[in-house]
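Trainee: Please read through the structure below; I'll follow up with questions.
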Amino acid sequence: MASKTAIKCGKLFDGNTQAVQKDMVIFIEDNKITDIQPLSKAGDFAGYEVIDLSDKFVTPGLIDCHGHLGMNGEANGTATMPYETIPKATLKGLRMAQATFMAGFTTFRTSGDVGFSDVAVRDAINAGEFVGPRLMVPGPCIGSTGGHADTHYNPYIHTDWALGLVGDGPDELRRIVRYVIKHGADYVKFMSTGGVMSLGTTLGAQQLTYDEIRTIVETAEMYGCITATHAHGTNGIKDAVRAGVTSVEHGMILDDECIELMVEKGTYHVPTIIAAHQIVVKGPEIGVPEWAINKAKIALDAHQEGFRKGHKAGVKIAFGTDVGTPFNTHGDQAYEFELLTEFGLTPFEALTSATKTASELLRKDDVIGTLEVGKYADVVAFPGDPTEDIKVMTQCCFIMKDGKVYKS
Ligand SMILES: [Zn+2]
Numbered sequence: 001m002a003s004k005t006a007i008k009c010g011k012l013f014d015g016n017t018q019a020v021q022k023d024m025v026i027f028i029e030d031n032k033i034t035d036i037q038p039l040s041k042a043g044d045f046a047g048y049e050v051i052d053l054s055d056k057f058v059t060p061g062l063i064d065c066h067g068h069l070g071m072n073g074e075a076n077g078t079a080t081m082p083y084e085t086i087p088k089a090t091l092k093g094l095r096m097a098q099a100t101f102m103a104g105f106t107t108f109r110t111s112g113d114v115g116f117s118d119v120a121v122r123d124a125i126n127a128g129e130f131v132g133p134r135l136m137v138p139g140p141c142i143g144s145t146g147g148h149a150d151t152h153y154n155p156y157i158h159t160d161w162a163l164g165l166v167g168d169g170p171d172e173l174r175r176i177v178r179y180v181i182k183h184g185a186d187y188v189k190f191m192s193t194g195g196v197m198s199l200g201t202t203l204g205a206q207q208l209t210y211d212e213i214r215t216i217v218e219t220a221e222m223y224g225c226i227t228a229t230h231a232h233g234t235n236g237i238k239d240a241v242r243a244g245v246t247s248v249e250h251g252m253i254l255d256d257e258c259i260e261l262m263v264e265k266g267t268y269h270v271p272t273i274i275a276a277h278q279i280v281v282k283g284p285e286i287g288v289p290e291w292a293i294n295k296a297k298i299a300l301d302a303h304q305e306g307f308r309k310g311h312k313a314g315v316k317i318a319f320g321t322d323v324g325t326p327f328n329t330h331g332d333q334a335y336e337f338e339l340l341t342e343f344g345l346t347p348f349e350a351l352t353s354a355t356k357t358a359s360e361l362l363r364k365d366d367v368i369g370t371l372e373v374g375k376y377a378d379v380v381a382f383p384g385d386p387t388e389d390i391k392v393m394t395q396c397c398f399i400m401k402d403g404k405v406y407k408s
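Under the working numbering, the first residue of the sequence shown is numbered 1, with each subsequent residue one higher.
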């Protein structure tokens with residue numbers, strides 16, 4: 001017999017309407033939502049187990065579209081990561097996925113980890129062996145020699161260990177895309193430009209040619225996979241958008257042409273404001289290298305301007321945090337909601353970016369992202385109303401994933 005649950009919601013944001021609905025009931029059978037009604041019309045609850053969240057604010061399970069399982073806020077994680085073994089990275093990754101889950105993120109798209117540790121964590125959670133979020137993973141990210149994915153700093157040491165997999169030219173990159181998909185990647189993540197935390201790469205400089213990027217995107221498309229590019233600088237963003245990338249991650253230096261192209265192509269922007277913010281605010285205390293702090297500062301100022309312009313022009317914004325980067329720890333990344341409102345989103349827009357829009361980016365909007373009949377029962381709750389005080393988003397107090405309660 002189906003297990004039946006009714007959740008009484010004091011306030012409800014369903015992901016579809018930009019409004020707070022009061023005194024609603026969500027009916028669930030097994031792992032799916034079967035009905036949503038006002039409490040006044042809900043009738044009696046015979047046969048239902050009732051969960052009383054009548055003093056809480058209920059939303060769809062949150063979605064973080066960008067993070068790393070192998071790091072947890074270390075001052076210079078990309079430098080220390082290559083000294084860890086893959087089994088160690090995998091065990092750590094599981095803990096990180098669980099910490100993110102317990103903050104209300106029932107879906108977590110990660111953004112590149114070593115040795116397919118992310119694939120192992122995803123599979124173990126999907127098999128029911130461990131508690132955790134719905135994970136969507138890329139395996140190692142892909143980049144060029146000397147680029148943001150290339151952490152082989154010493155020319156005399158060769159190892160497969162690196163932040164990502166390195167290739168040059170369309171043929172090599174095509175092979176690498178096939179390789180990551182063969183070994184379990186759900187989607188393809190590549191590096192179009194330099195980064196903040198990799199030594200020696202210039203922040204905005206393009207690191208893959210248009211032909212290389214187009215090959216990555218078209219190969220991924222052949223397998224039905226979406227693509228995401230790490231990109232700060234405008235030229236790297238533009239070539240990736242022209243090549244048909246699904247989302248631009250960070251996108252810290254957007255000019256008008258970038259924005260026009262992104263609107264025209266329907267490209268998503270995953271701004272990860274918290275990543276640069278934390279490096280700028282907390283970096284000097286604990287010795288983040290000065291070159292990295294300087295890169296982050298320049299990026300953050302440009303980011304706010306580009307973000308605002310893009311949002312105004314209609315660029316789709318999906319919530320992502322780059323959790324794992326310096327001082328950006330798993331379980332605390334909901335601080336991004338506050339930063340999104342500081343950058344100019346309304347609380348409703350910030351909530352939508354982490355629910356409906358994020359599910360559309362992941363092409364999973366048929367099953368998650370909103371509270372609707374037929375979708376998975378991924379439901380979370382907060383002790384206050386984020387449309388009045390966005391800070392409550394860091395205080396998730398109830399988690400249901402796939403109809404099962406993990407926190408109450
Ligand atoms: Zn990242």
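Built from N, CA and C at the ideal position, the CB exists for glycine as well.
Fair warning: this is a prediction, and the values are worked out from it, not measured in the lab.
(1) Less than 6 Å between C-beta atoms, sequence neighbours within five positions excluded: which residues of the same chain meet that for residue 250?
(2) Exposed or buried, which one is residue 247 when buried takes at least 16 other CB atoms within 10 Å?
(3) So, for residue 253: in the same chain, excluding its five sequence neighbours on each side, which residues have a beta-carbon less than 6 Å away from its beta-carbon?
(4) What residues match up with residue 381 in a beta bridge as DSSP calls it?
(5) Considering only residues of the same chain and omitting the five flanking positions on each side of residue 395, which have a CB-CB separation below 7 Å?
(6) When you get a sec, list the residues whose CB is within less than 5 Å of any heavy atom of ligand 1, chain order please.
(7) Where do the ends of the alpha helix (DSSP H) carrying residue 315 lie?
(8) Beta-carbon separation of residue 385 and residue 20 under 8 Å?
(9) Where does the unbroken alpha helix (DSSP H) through residue 225 begin, and where does it stop?
(10) Rounded to whole angstroms, how far is the Cβ of residue 348 from the Cβ of residue 53, which I believe are closer than 8 Å?
(11) Hey, would you say residue 104 sits closer than 8 Å to residue 323, going by beta carbons?
(12) CB-CB under 7 Å to residue 263, same chain, minus the five flanking residues each way: which ones, in chain order?
(13) According to DSSP, is residue 403 part of a helix, a strand, or is it coil?
(14) Would you tell me roughly how many angstroms separate the C-alpha atoms of residue 190 and residue 338, rounded to the nearest one?
(15) So which of 127, 77, 98, 5 has the shortest CA-CA distance to residue 114?
(16) Here's a check: name, in chain order, each residue in its chain whose Cβ is nearer than 6 Å to the Cβ of residue 199, leaving out the five neighbours to either side.
(17) Which two residues bound the contiguous beta strand (DSSP E) that contains residue 268?
(18) From the DSSP output, in three-state form, read off residue 296 for me.
(19) Straight-line CA distance for residue 393 to residue 334?
(20) Thinking C-beta only, is residue 63 closer than 8 Å to residue 374?
(21) Taking its Cβ as the centre, do 16 or more other Cβ atoms sit within 10 Å of residue 239, making it buried, or is it exposed?
(22) Helix, strand or coil, according to DSSP, for residue 9 in the structure here?
(23) Is the segment 29–48 touching the segment 84–95 in the sense that three or more CB pairs, one from each, lie closer than 8 Å?
(24) If you compare alpha carbons, which of 269, 70, 368, 13 is closest to residue 121?
(25) Assuming contact is defined by CB atoms lying nearer than 8 Å, are residue 98 and residue 143 in contact in what I supplied?
(26) In the DSSP output, what is residue 107 paired with across the bridge?
(27) So, under 8 Å CB-CB, residue 137 and residue 119 are touching, yes? Tell me the CB distance rounded to an integer number of Å.
(28) Which residue from 372, 51, 223, 60 puts its Cα closest to that of residue 354?
(29) Identify whether residue 18 lies in helix, strand or coil by the three-state DSSP scheme.
(30) Roughly how many whole angstroms lie between the Cα atoms of residue 201 and residue 22?
(31) How is the alpha helix (DSSP H) around residue 182 delimited, first residue to last?
(32) Which class does residue 306 belong to by DSSP, given the choice of helix, strand or coil?
(33) Between residue 74 and the rest of its own chain, which residues show a CB-CB distance below 8 Å, the 5 nearest in sequence each way excluded?
(34) Which residue comes first and which comes last in the alpha helix (DSSP H) that contains residue 140?
Mentor: Considering the structure as presented:
(1) Mapped onto the sequence shown, residue 250 falls at position 250. Once the five neighbours on either side are set aside, the close Cβ partners of residue 250 are 232, 272.
(2) Within the sequence shown, the letter at position 247 stands for residue 247. Per the 10 Å Cβ criterion, buried.
(3) Within the sequence shown, residue 253 is the residue found at index 253, counting from 1. Cβ within range, chain order: 204, 232, 233, 234, 302.
(4) Indexing the sequence shown from 1 puts residue 381 at position 381. Per DSSP, 58, 398.
(5) Counting from one through the sequence shown, the residue named residue 395 turns up at place 395. Result list for residue 395: 382, 383, in chain order.
(6) 111, 322
(7) For the purposes of this step, residue 315 is identified with residue 315 of the sequence shown, where counting begins at 1. Element bounds for residue 315: n/a, residue is neither H nor E.
(8) Counting from 1 along the sequence shown, the entry for residue 385 is found at position 385. Counting from 1 along the sequence shown, the entry for residue 20 is found at position 20. Yes, these two residues count as a Cβ contact at 8 Å.
(9) For the purposes of this step, residue 225 is taken as the residue at position 225 of the sequence shown. It is not in any alpha helix (DSSP H) - residue 225 carries neither H nor E in the DSSP assignment.
(10) Taking the first residue of the sequence shown as position 1, residue 348 is located at position 348. Taking the first residue of the sequence shown as position 1, residue 53 is located at position 53. 20 Å between Cβ atoms; not a contact.
(11) Against the sequence shown, residue 104 aligns to sequence position 104. Against the sequence shown, residue 323 aligns to sequence position 323. No, the pair does not count as a contact, with Cβ atoms beyond the cut-off.
(12) Mapped onto the sequence shown, residue 263 falls at position 263. The residues are 313, 314, 315.
(13) As a first step, residue 403 must be located in the sequence shown, where it is residue number 403. Secondary structure of residue 403 (DSSP, three-state): coil.
(14) Taking the first residue of the sequence shown as position 1, residue 190 is located at position 190. Taking the first residue of the sequence shown as position 1, residue 338 is located at position 338. Those two C-alpha atoms are separated by around 28 Å.
(15) Position 114 of the sequence shown holds residue 114. Per the Cα distances, 77.
(16) For the purposes of this step, residue 199 is taken as the residue at position 199 of the sequence shown. Confidence in residue 199 is poor, its pLDDT being 45 and thus under 50, which makes the residue's placement too unreliable to answer from.
(17) Working through the sequence shown from its first residue, we reach residue 268 at position 268. Where residue 268 is concerned, the enclosing beta strand (DSSP E) stretches over 268–270.
(18) Position 296 of the sequence shown holds residue 296. Residue 296: helix per DSSP, three-state reduction.
(19) In the sequence shown, residue 393 corresponds to position 393, counting from 1. In the sequence shown, residue 334 corresponds to position 334, counting from 1. When rounded, the distance between both Cα atoms is 6 Å.
(20) One-based indexing of the sequence shown puts residue 374 at position 374. One-based indexing of the sequence shown puts residue 63 at position 63. No, the pair does not count as a contact, with Cβ atoms beyond the cut-off.
(21) Here residue 239 refers to the residue found at position 239 when the sequence shown is read from its first residue. Under the 10 Å beta carbon count, residue 239 is surrounded by 16 or more other beta carbons and is classified as buried.
(22) The sequence position of residue 9 within the sequence shown is 9, counting from 1. Correct three-state label for residue 9: strand.
(23) no
(24) To locate residue 121, count along the sequence shown from 1; it is residue 121. That would be 70, whose Cα lies nearest to the Cα of residue 121.
(25) Translated into positions along the sequence shown, residue 98 becomes position 98. Translated into positions along the sequence shown, residue 143 becomes position 143. No, they are not a contact pair.
(26) Numbered from its first residue, the sequence shown carries residue 107 at position 107. BP columns for residue 107 point to 63, 134.
(27) Counting from 1 along the sequence shown, the entry for residue 137 is found at position 137. Counting from 1 along the sequence shown, the entry for residue 119 is found at position 119. The Cβ separation is near 6 Å, so the contact holds.
(28) Within the sequence shown, the letter at position 354 stands for residue 354. When only C-alpha atoms are compared, the closest one is 60.
(29) The sequence position of residue 18 within the sequence shown is 18, counting from 1. In the structure shown, residue 18 sits in coil (DSSP, three-state: anything other than H, G, I, E or B).
(30) Translated into the one-based positions of the sequence shown, residue 201 becomes position 201. Translated into the one-based positions of the sequence shown, residue 22 becomes position 22. Residue confidence for residue 201 is low, a pLDDT of 49 falling below 50, so the modelled location carries little weight and cannot support an answer.
(31) Position 182 of the sequence shown holds residue 182. Following the DSSP letters along the chain, one finds residue 182 inside the alpha helix (DSSP H) bounded by residues 169–182.
(32) Taking the sequence shown and counting its residues from 1, the one referred to as residue 306 is at position 306. In the structure shown, residue 306 sits in a helix (DSSP, three-state: H, G or I).
(33) Locating residue 74 in the sequence shown gives position 74, where the first residue counts as 1. Counting only Cβ-Cβ distances below 8 Å, and skipping sequence neighbours, we find 80, 326.
(34) Here residue 140 refers to the residue found at position 140 when the sequence shown is read from its first residue. Segment: none, residue 140 is in no alpha helix (DSSP H) and carries neither H nor E.
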